[in-house]
Structure formats: structure tokens, C-alpha cells
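Have a look at the structure below, then the notes.
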Amino acid sequence: MRFLIILSTFSLIAVFADDTRNSKTWNLINAHEAYRQGITGKGVNVGIADSPLNKNHISLRGKVGGELLSNRSDPWHGTAVASLIAGNKIDNFKPYGVAYDSVLYSYQATGGRARPVGDFFTKNGVKIINASWGFPRNSWVERQQRTPQQALNAANTVGAATHLYNLSRNNQTLLVFASGNETLISPQIIAAVPTYDENLRSIINVGSLNPDLVFKQGNKIRITAKGTQTNGNVFLKSENYSLMAFGANINFAYAVRGHNWGYVKASGTSVAAPMVSGAAALVAQKFPFLNGKQIADVLLSTANKDYQAPKLVVKRSYENYRKFSIAYIDNTPPTDDETIKRDLMAEGYTAAEATNIVNNLVESNAQYGRVFQVSKETIYGQGILDIGKAIKGPSILDANRLNLGDIQEFGGKKEAYYVVNTGNYDGHFENDIGQKKWDDNLHLINALNSPREQIKDLDVGLIKQGSGHLVLTGNNSYRGNTIIQEGKLSLLKRQDRSGGVLDSDVLVSQGAIFAGNGTINKDVYNVGTVRAGNGDLQDLNVLGSYTQNKDAHLQLEFGNTKNSKLIANNYNINGGYLEYIPIPAFYTNGHSIKLDLGNLAQHINNFDYVKVLQNNSMEFAILASDNVSINKRGKDGHIEPIMIMNNPNGRNIVFELQVANKEMLASILKQMEAYKSSQKGKLRITTSDKTINHYLNTSRVVRIVPIIKPQAYAEIENDTTASALRNIRGRDDLSDIYKNHFTVLDYVNSSAQSKGLSSIESLDGLKNMTEVYTQYYQNIHNNFILALNQSFTQDYLAQNTKNDPVLLASLGAYDFYPLLDEQEQKTSMFYISPRYKKVFGKDYNGNLKNIGLNVGSKTAENGYGIFNFSVFNSKLNFNYSNLKTDGGSASYNHNLKLEHFNVISSASLGVFKNYMQRTTFLRDSNIESSYYSFLGSAQLGLSKDFDVNSFRLTPLAYFNYSHLFQESFKENQAPFSKSYDSINHDSTSLAAGLNAAYLVKHSAFTNQFSTFAIYEHRLSGKNLRLKSNFRDFSEFPLEQHYQLPTTLVSLGAGVDFFFDNSFFTSFKVVNEFIEDQYNLNLSMNVGFKF
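Residue numbers (UniProt numbering): 1 to 1090.
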């Protein structure tokens, strides 16, 4: 009966010292190269098929995203493995996982009958699963007598394995298996299934090394004979999907008997496998578009092969652990014992150890001979795990890891293809990528689903799919085609100018882009877009032929002094577009630029269209052959390029000119007829309803001239600012800092350009004044409402005093009418009114604080007035500026109660000191200023009270007039700093609203609950104007306009408390709704009557 066991022969040693971080191991696998790039497994979910986990252990707290358990069993093995994959990085002393920011999903595969996996892993985005377990005593020697199907049947007797194989086969989920610790000549059957079924490519086998006996010298690793685990299974017939990691004396989480904090050292391939799973998670974070099979390809192809293997390794006997076999690695074994002893001692064994091994060599072994020869791949597979190289992408396109579905035919030629679908992601493959053709020695001749007959002689190529951008910077020697079907692929040289080579044909599909400054050793076929350069004006070299069809685009970059070229050994231009693209640089208005076509000039007549593309602010006109005149601007103000060039071969080229109207067409035809006469009939002109085609003589050199677009910077609402920027942009004496600003504006996207222009124009100071005004005006609202509600309280208490004399002692103090003896009346009040406002604007936010001192008193038989003295502070934060305002104000509010209505009125005056600090979108300097503002206002209106018992409803309406004066001021000297004229601005508005109040009497105080709504509409002064100029360019006057909010809606609610000892307090919340803005006001009043 077969059974499942945990593979590791763990020797558990509890450790509590501080040096438990596995630092040497992490160094040997170059994990810190990933950490330096911020690659820690963040955002990656890793599956673990093992025993349950101890989620309370400090290494795993917060790390388990989900569990699928059959029953609870001892969690020690699963916890140990999990901690090496994703254990928390707690401090500088405790061990942590390779991918310590990844999240774990636990599936119980051991310690009970495994449940079906279902969609547990797939729904949680898991594409890597670690499995450190398997069948014992079931190796290649035993399996070679079976058919592949029989071997697979044996592996599938374990339910958990069957579930995992299905995931690997159907979803390309990567399974990382421990090779095993049974001293077998090949991995245990669970991990060896790809040998028998070639469709199972998403599996990696992991063997174990001892980090204490492996040494790193630069990038080269030296493995000692003792550094290889003596009882670890090796990789016969599984070399192509196996590699080595470190599994001896490794520290991990200790969870036996409920321990939640300790760590232990242990050894075994179960320890090595999770290092590979953690490495896979790091690769998944770096390249999120790779599936599990492709992650396996990366890890296997980048495994460190630059290692020095020992001459021999010692393996314990399959039947008797006290007996040994000796494997000579790529060396013929000696036949005499003395030579073997010398070899053992040369490899680090003592004389006593060597004698013991030789004296206990097996005579026969089902797994090993006494002394035998193996290849180093049989012992070490594809090499030693190297995370630093793995995060640079694949280094081999291996036909031995491809299938029938990977064979495709292009141009009548079949090849095997490694397909990379980047989706919406970008990626960078930095390694040199070679190819490995089919090798029969790595496969069973009778393996299931073998592609051998169809793939054995094929080269391997690369297909790029997905909308993302993939960059290759290596010396890429694979021989199959490079096909860009979607998105963009760039071939770039490294910073040291090495790399950037493709030893393959390149096929660019329609809608796809191939770009770069590298070298293609073969041919390029362009049906999409090919661009020479990478914003660096470097050439793209094609050592073969460049072929372009009629719908394709060839794009060449240019700057002020040079341009990129497509340099090919031969050109086959069958139409299409030639487009010159200005790279980000400052192009001086009117200064001509020379473009060198190189050898392409001999073929330029074969393009259907030649264009010079524009940037945001500049268009590029083509100079005529006299290098002086340029093509005229049409009535629509837009220049379309017409190239006038001389060709010594006398051949013709067609250029297309879009015309806006017949008048423009007639003007151009007249110019061209004049030119035709000067060319003595060598010029032929044809026209159509849509285009004019010009057939002109050409030369190698084209001259173009940059011209500012008539509508450049039109995104700014104020025409004067846009006009000033166009005039400044047109100057040829600008400093570098201004050139940098304009260069950025020329090339950023429309959203960023709009923000950049706004930072230059800067209406933030005007916006700040509107906030000051609304806060200032809110004081008036507050005192209006307070006066109205005080009146209601007085009326109500007076009425109840008349009806119920018993309450006279407790309530009479609040009566503002002459109901009591003159000495008992309290007709005045004093209160403090703090206020806080939070501003949520469209492109800014901030807060405003205010505190007022108020005195109210009766002014006549039916009148009441309130004096207010306030101090004020505001801070507003914009995208490119911060404004602070300090100020004070004085106001007087009056409420006159007549027979049928109330007359409400107010007058106020405020003085404010403003501090503005701003910058432009480059944030390269601070622009600072301070200035005073003065605000005066007056209000006059009517209200009417409607009383029903304890409830009063008061509609009100009033007219408002305000005057704003702001002094002239200058900002400090800086790019785009300004001088501002003074502002005198008048505004009127009409407001209407409703106030409701309800009184509730208590034994010691009276409550008043109130709410109000006020709608204000601006009648005049809707547009705030400010005249200014840039300090460095005062000859261009500016007039800025800021549209003040037309409407303001205020909704408020509050509660008042009137105490018997004459003290009162109130709390209010006011919501302000303005166009593209919401403000929240919190206020209170605390005072007393006297």
C-alpha cells in the first residue's frame, strides 16, 4: 500500500540567538538584488500544499489569506515551509521569507484525506504552489520498467497530487516540488511526472545544497563535495526542469506543540523548495504578466550555471544508510581504492572519513553503482537558484520546454515560439536571451504528448502580444523570428552601449510598434510602425533588409542638431509613411533644422507620404529649396508640410497636403505653378477632392523650421496670458530655465499641460479672496440668524411670563421687553463666537478659523443690534501654491421689529494680510509675495415672523453690496513671477431664505432648535479682473479673469441653551454649496446676558 510522507529528514535544533537570518543563504541566491529594487513579493499570492499552518506564529501573523483544510493536524511542517516563502520581516535578527511581503493560501495536502482543490487557488489569483512532500522509494530505477501511463497512474494515486496536476495542466500554475531525501537516482514520482507527460511543463524540481559548504567568489560559486546533500535525490531524466537551492541548517518558524514565536534549524529538500517558491513570487511581482510556466522558464534559464562543481559527490546507499556510493561528475571513475581515497581527501574529507567511505562502498545498488560517472546536470539540474538574474527575465528560449501548440508558421517557415502577452503591463528583459533546441537526451522517447517529431529541428522565436511595452537590452542570440503582434517592443542598448542585439528576423504586425537603437542581424518586415531611436537620436541598424508595406509607418526622430536614421543594408519601400518626430527639446522659433536622410534618401520617393509631426505648441514647416521661403499658412492658420527637395536621379516623390477650403487650394496651386515654371516643366501637379500630391525633385538633406502654433497655450482661459506665452516662446534669447519650462509644456499630455499652464497663470490668489469673502460673509449670516432667534426667545418667554406668573423668577431674566421692574431687566448680551470652516474645492482644499467678540443690546422699543469684532486666519492649499491670510473685521447687525415685519440690516469692514507662496509645474523655485486686502459690505432686508405656540417660521430676504480693494504688489524675482495692479471690485447680490426655530422649556434652561436655508444669487460683479505682467517680460500685459460663484446655498442647523443664570451657548453646523465646491462650517456662541 502506497502512502504519503513528509520528505525532509529534519534535524530540529531550537535557536534563540540573534544570527538566525539566513543571511549567507540569501546572499548565495542573490535575494538582496530584488530587495534593492523594492521587489519583496508584494501583491503576489502563493499557494502552499502541505500540513495546516499555525497562523498565530509571529512569522505568519497576517500572512494567510485563506485556507482549504480537510482536518486539523500538526502544523509544524507547513508552518516551517510557509515561513521560508513569506515569513514576516520582523526585525534585523529574525528569519524572514524570501518573498516576505507575499500572501499565503493554504491547502491541506498532508495529514488527512485531501479535499478537491476546486477553484480555491484560481479564484485567489494563485499561480505558484509549493509542495514539499511526495512518495518515498519510487525512483527512475523502479519506474523505467513501466510505461509512461503506468508511471502517471502511480503518481495520481495521491489525491492531492492529482488536483495539483490539473491546475498545472489547465491553468499553467507553477508547482514547486521538493526532490526528496531518499538517496534516489531521480526525484520521487510526484515530482517527476513531466518526464512522462510532456504537457506538464509548469513543474520545478528542487534539490538541496549546504550553504556552509558552498562559497561565492564574485558571481562564481564553488560547491564542495560535502556541500551536496548526501541523501538528497538527484535528477536523472528530470535535468531540464530541476535546479538547486539551499536546504541545510536553514532557520525557519518553529510551530511544534503550539509554539508561536520560536525558530529552529533544519535540513532537507523540503527546506530548499520554498526558497524557489519565494523566488517565483519575486519574479511574479517583477513580471506580473508571466504565467506559472513562464515563471518556471525564467527560474530554470537563469539558474546560476557559472559554478565549479566538485570532482565527486558521496551518496548514501538506497538500502543501507551506512553504505556509500561515489559519483564522479563528468570524470571517469578510478578503479583502485587508493586513488579514490586521494580524490576524497582532495575534496575535503579527512583521511578517516575517506577510509570509512571506501571501506563501506556498496557492492551493488539498485540506484547507484559502487563508483559511477554522472553529468553535473544530473546532480545539479539547470544550476543554482539566482534571484538577481531571474528578476532580469528569461535567458534561454528552450524548445525542450515547448509543446505542439507553440509551433507556428510565418512566411512559409515553421518555428517554435515563446509567447509573451504583457497585457497592460510594461516589462524589461535585461538578460542575454539565447535558444536551446530540442535535445533527445532530456526526454523519454515514448513520453506522452511529446512534440519531438514536429519540434526537434526548429529554431525558437519570440512573439510579443498585449498592449504593454516590452524592452529587450541583451545580446539576444535566439534564431527564431521576433514577432510583434500587439503593443510595443523596444530593442535598446544598455547604458554602457553594450547589448541591444537581435540575431533574428523581426516582423512588425499592423498596429504594433518596434523601436530602439539596437542592431538586428537579419531582416525587418514592417506592416505596423518602426521607430529609430529611443528619444536619444540614436540609429536603428538592420544588417539585412528593411521592407515596408503601403500601410506601415517608419518614424525617425530629430532634435536641433541631428536626427536618428534607419540604417539598413537594403531598403524595400513599397509605400506607407515616413514620419519625422521631434524629440523633447527646445526648438527656437524660426531657426531651421537640418535633417540627414542618409541612404534612405535614395528610396524616399517610394513612400506614399512624408510628414513632420508636431508637438503641443510647435509645428514644423518645410523650407523651400532656397532655404528662405516657407510654405504659406492657410486661412485656418495651420501649416501642412510640403517638402521641396532636389534628387540627382530626377525621380519623383508624392507628398500629401490637406486643404481646408478652395481658397487655400487656389493659393497653393498658384505658388506651385510659379515654382513649376522655374523648374522648366520638371514639376507635375495633380489634385483631388481631398489632397494635392506634389511630385518634386529631392536631395539627401531636408531643412525644416519650427513655428509656434497660432493657438498654442489656448488651454488658458485668459487670452492675454496665452498671447504673452506665445510671444515669450518666440524669443531666441530665453534663459535655460525658461527653455526647460516650454520644453515640458511642448511634450506633456493634455492634462499635464493644462495643469502646467494653470501654475503659470495662477488664479489662486483670486480664489483665496473668494474664500475670505465667504467666511467674512458667514459672520453676517450668523449674526442675522442669532438676532432673529434671540428675538423669538424673548417673545416666547415674555408671552409665557404673562400667562404663567409662577415661572416669573426662573424665566424673567431672558425677557427683553419691559415686563419686570426696570432694575430686573437684562437687555444686553456678550458672547464669543469661534468658528471653523473646512474647504473642499475642485482643485484646492484648506481651512479657515475665526473667533469673534460680540456685544448685543436693545436699541429701541423694538430694535436689537449686535456689534462684532473678529480675527481671522485661513490656509488654502492648491496644486502649486499655498496661501495664508490673517485679518480682522468689525460689523454691526440690526433687527428692527415693526408691526407687520422686521427690518434687518448690517454694515462691516475687514482688513486682511495675505501671504502667497507658489511655484510653477517644474517646482524649481519659490515665488513669494504678501499684500493687503480690504473688504466692506452693507446689507438691508426684511423678515416676517409666523408663530405657532413654541414654533416660529421666519422667511427673510435682503440685498447685499460689497466692495473689495486689493493693493498692488510684486512677487519676488523668479521664473514667471508677476507684478500685480491694484483691484477695485464692486459686487451686489440678492439673498432669500427661511429660518425656523422651536423652543423647549426645561426646569433650569430652555432649548432652542433652529435650522435655516439661504440662497444667494450674485447680481453684478460676477467677473473679478486683475491686471498684471510677468516681471521678466513686462512688455506683455496680462489681464486675468476669475468667474466668481453665481450662487451660494447655505444650509444650517443648530441648538441653543439658555440657562437661568443668564448664560447661553449655541452650536451650529452650516453647509455651503458653491459651484465645484463644498464647505463645512462648525461654529458656536458662548455668552451671557446682562
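No residue lacks a Cβ here, since even glycine has one placed at the ideal position from N, Cα and C. None of the values given here were measured: they were computed from a predicted structure.
The beta-carbon distance between Asn22 and Ile326, rounded to whole angstroms, is 30 Å. This is too long to meet the 8 Å contact definition.
Per DSSP, Ile455 lies in no beta strand (DSSP E) segment; the continuous alpha helix (DSSP H) that holds it begins and ends at Arg452 to Ile455. DSSP lists His428 and Ser490 as the bridge partner or partners of Val471. Contact annotation: Glu347 and Leu385 have beta-carbon atoms that are not nearer than 8 Å.
For Gly865, the enclosing beta strand (DSSP E) starts and ends at Gly863 to Phe878. The C-beta separation of Asp539 from Asn475 comes to about 18 Å, leaving the pair out of contact by the 8 Å criterion.
Segment contact: the stretch 876 to 891 against the stretch 763 to 770, three or more CB-CB distances shorter than 8 Å; contact assigned. No Cβ-Cβ contact shorter than 8 Å links Ser1010 with Gly941.
If you keep only unbroken alpha helix (DSSP H) runs of at least 4 residues inside the stretch 535 to 616, you get nothing at all. Between Pro310 and Ala280, the alpha-carbon positions lie close to 28 Å from each other. Counting only runs of 3+ residues, the beta strand (DSSP E) found wholly inside the stretch 49 to 126 occupies 64 to 68 and 103 to 108, in chain order. Counted as a single uninterrupted DSSP element, the beta strand (DSSP E) harbouring Gln1008 occupies residues Phe1005 to Ser1020. By the beta-carbon neighbour count (other beta carbons within 10 angstroms, threshold 16), Ala860 is exposed. Between the alpha carbons of Leu104 and Thr547 lies a gap of roughly 51 Å.
Asn449: not part of any alpha helix (DSSP H); DSSP gives it neither H nor E. Nearest Cα to Ile29 within the set His428, Asn219, Arg494 and Val374: Asn219. Boundaries of the alpha helix (DSSP H) harbouring Thr378: Lys376 to Tyr380, taken from the DSSP string. Per DSSP, the unbroken alpha helix (DSSP H) holding Pro274 starts and ends at Thr269 to Lys286.
For Gly888, the enclosing beta strand (DSSP E) stretches over residues Ser881 to Lys897. Burial state of Leu53 is buried, judged by a 10 Å Cβ sphere holding 16 or more other Cβ atoms. By a beta-carbon distance limit of 8 Å, Tyr100 does not contact Gly47. Their separation comes to about 17 Å. Between the alpha carbons of Val702 and Thr561 lies a distance of about 13 Å.
Following the DSSP letters along the chain, one finds Val530 inside the beta strand (DSSP E) bounded by residues Thr529 to Ala532. Contact between Asn616 and Asp459 does not hold, since their C-beta atoms are separated by about 45 Å, which reaches or exceeds 8 Å. Going by C-alpha positions, Pro288 is about 15 Å away from Asn171.
A residue is called buried when at least 16 other Cβ atoms come within 10 angstroms of its Cβ; Pro116 does not meet this threshold and is exposed. In the displayed model, Pro834 falls within a strand according to three-state DSSP.
For Tyr35, the enclosing alpha helix (DSSP H) begins and ends at Ala31 to Arg36. Between Lys392 and Phe429 a beta carbon distance of about 7 Å is seen, short of the 8 Å cut, so the two are scored as contacting. Bounds of the beta strand (DSSP E) holding Thr482 are Thr482 to Ile484. Taking a C-beta distance under 8 Å as the contact criterion, Ala512 and Thr743 do not qualify as a contact pair.
Phe921 sits in coil when the DSSP states are folded into three classes, being neither helix nor strand. Collapsing the DSSP output to three states places Glu715 in coil. Residue state for Lys944 is assigned as coil, using DSSP reduced to three classes. Within the same chain, Val839, Phe840, Gly841, Lys842 and Pro1045 come within 8 Å of Gln1077 by CB-CB distance, once the 5 residues on both sides are set aside. By the criterion of at least three beta-carbon pairs nearer than 8 Å, the stretch 991 to 1001 is not in contact with the stretch 1035 to 1045.
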